[in-house]
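Student: Got a structure for you, written out below as structure tokens; questions coming shortly.
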Amino acid sequence: MGFPSPAADYTDKPISLDELFIKTPHATYFMKCPDYCPSAGVLKDALLVIDSSKRPVHGSVVVAALCGEFVLRRLLTMPVPCLAKLENYDDVTFADEETGFEIFGVVTHVVNDMTMSEFDDNPCM
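Take the sequence shown: its position 58, counted from the start at 1, is 58 in UniProt numbering, and no numbers get skipped.
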């Protein structure tokens, strides 16, 4: 048996991705994003963390069921509820009887693979 480390008081607990990303385990889902939406911080094939229990508000990035498929959109509630594409706010889908949409959940976190955004403007080979 030795002496306890004097630095033992300064050790941090390990980082847990579950604690960081999952607030409500029964309502948390993961999805890969096939789109590239850099203005929203989403690169192609990013991992999206979606919380279906979180209430969306104006400006929330959401996953919605639209015409039978899941899409990534920004919820705009004023002046009327609609879903806007992340890269083009002029392209919106309004909530009406024909194209009604259902919000599945709110995107709470985005995990990007930063090696996909590398650019070598001075290659050595």
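Using N, Cα and C, we set each Cβ at its ideal position, and we do this for glycine too.
Counting only runs that start and end within the UniProt domain "Peptidase S24/S26A/S26B/S26C" (1–77), where is the alpha helix (DSSP H) found for 4 or more residues in a row?
Tutor: With a minimum length of 4 residues, the continuous alpha helix (DSSP H) runs that stay inside the UniProt domain "Peptidase S24/S26A/S26B/S26C" (1–77) are 17–21.
Student: Are three or more beta carbon pairs between the region 40–56 and the region 3–15 nearer than 8 Å?
Tutor: No: fewer than three Cβ pairs fall under 8 Å.
Student: Buried or exposed: which applies to T115, given that a residue is buried once 16 or more other Cβ atoms fall within 10 Å of its Cβ?
Tutor: One-based indexing of the sequence shown puts residue 115 at position 115. That one is exposed.
Student: Closer than 6 Å by C-beta to residue 129: which residues in its own chain qualify, once you throw out the five before and the five after it? Chain order, please.
Tutor: For residue 129 there is no data in the structure shown, the boundaries of the chain being 1 and 125.
Student: Could you check the C-alpha separation between P34 and P4 for me, to the nearest Å?
Tutor: Stepping through the sequence shown from its first residue, residue 34 is reached at position 34. Stepping through the sequence shown from its first residue, residue 4 is reached at position 4. So the two alpha carbons sit approximately 51 Å from each other.
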